[in-house]
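Input: a single structure, listed below in structure tokens.
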Amino acid sequence: MSGHSKWENIKRKKGATDAARAKIFTKIGREIAVVVKQGGADPAGNAKLRDLIAKAKSNNVPNDNIERIIKKAAGDGDKNSYESMIYEGYGPSGVAVIVECLTDNKNRTAGDIRHFFDKFGGNMGTSGCVSFMFSDVGTVVMENNGADEDKIMEDCFEAGADDFNVDDDVIEISCDPNQVSSVREALEGMGYKVLSAEAEKVPSNYTTIEDEDAIKKMGLLLEHLEDDDDVQNVYHNWENMPVEEEE
């Protein structure tokens, strides 16, 4: 949930507390419920559901939980109707922030998001005030299986990637956001283990915070936003964000 690679957040989540994991399960559960109601409960015919099942598994959501959420959303058991909302604004030192939500109460969610911006030295703006600074990009992260880099490059581009980056542990691929499902499935078909596959917003430029108080407030703003049950994703262009150590 950052302006940089999602992989850093996935690594951080590995050391998350039970309470944090429960929140992750809740957020993914909402996403699954929405896509099931939109496109059906059969993953074979619902690419978005396939992606979310893969996302749930990469976050260690038990299979029983995933099946229960799908069945509930497909039947009459889930009475909640979630609506997608996007809020934009600025954090301390002019950091651009986009907050994606799924909510069953727009007034509550808008009030909470505005409160967080105000409390931690930012301000919530109007629609479009910062989104022009971000581009939609598909990001697929998979385990580095130790293959030769030429082979990895060949496989990535054959799968539909626009670019790729190889680290010691992972291979991070960028692609068209509408092709995330097909790229993930192609790579899995080649034998790669995909850790995450999502469309995300990548900033075109970054903002550095020098003031210690502003750094603290920006960290608290992100922490409170990400902790809110209605918030699904938070994107920003904070350049020198402190790296959290795994627990």
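Just so you know, we're using our numbering here: the sequence shown kicks off at 90 and counts up by one.
Just so it is clear, CB atoms sit at the ideal spot from N, CA and C, and this is done for glycine as well.
Bridge-paired residues (DSSP) for residue i
i    : result
G227 : C264, A288
N154 : DSSP lists no partner for N154.
T192 : E172
Y324 : I187
N212 : Y179
T296 : W327
E232 : V259
6 Å Cβ shell around residue i - same chain, five flanking residues per side excluded
i    : result
A275 : A248
I262 : V229, C245, A250, F253
M279 : D244
Pairwise C-alpha distance: residue j and residue i
i    : j    : result
R203 : N212 : 7 Å
Y281 : F253 : 14 Å
L314 : V229 : 24 Å
K160 : N135 : 14 Å
K146 : F221 : 32 Å
A303 : N152 : 41 Å
R110 : D318 : 12 Å
E238 : E277 : 17 Å
Q127 : A133 : 14 Å
D256 : L284 : 14 Å
I99  : V259 : Model confidence at I99 stands at a pLDDT of 48, short of 50, so the residue's coordinates are unreliable and nothing is read from them.
D225 : V184 : 18 Å
E299 : F223 : 23 Å
D316 : I241 : 37 Å
K306 : T215 : 21 Å
N149 : A143 : 10 Å
Q268 : N329 : 31 Å
L138 : V188 : 22 Å
Segment limits, alpha helix (DSSP H) that includes residue i
i    : result
M330 : M330 -> no alpha helix (DSSP H), and no H or E assigned at all.
S173 : It is not in any alpha helix (DSSP H) - S173 instead sits in the beta strand (DSSP E) that spans 172-179.
V272 : 269-278
D252 : Not the alpha helix (DSSP H): D252 falls in the beta strand (DSSP E), residues 252-255.
G217 : Careful: G217 lies outside any alpha helix (DSSP H) and carries neither H nor E.
S147 : 136-147
D244 : 238-248
D302 : 301-316
Sequence-distant residues of its chain with Cβ nearer than 8 Å to residue i (five each side left out)
i    : result
L141 : I117, E120, I121, V124
A199 : M174, Y176
D193 : N169, S170, Y171, E172
K195 : E172, M174
D201 : D317, D319
Contacting residues, own chain, Cβ-Cβ under 7 Å from residue i (five flanking each side not counted)
i    : result
L50  : Missing from the structure shown is residue 50; the chain here goes from 90 to 336 and no further.
I158 : G118, I121, A122
Should the stretch 318-327 be regarded as contacting the stretch 282-293, the criterion being three or more beta carbon pairs within less than 8 Å?
Touching, yes.
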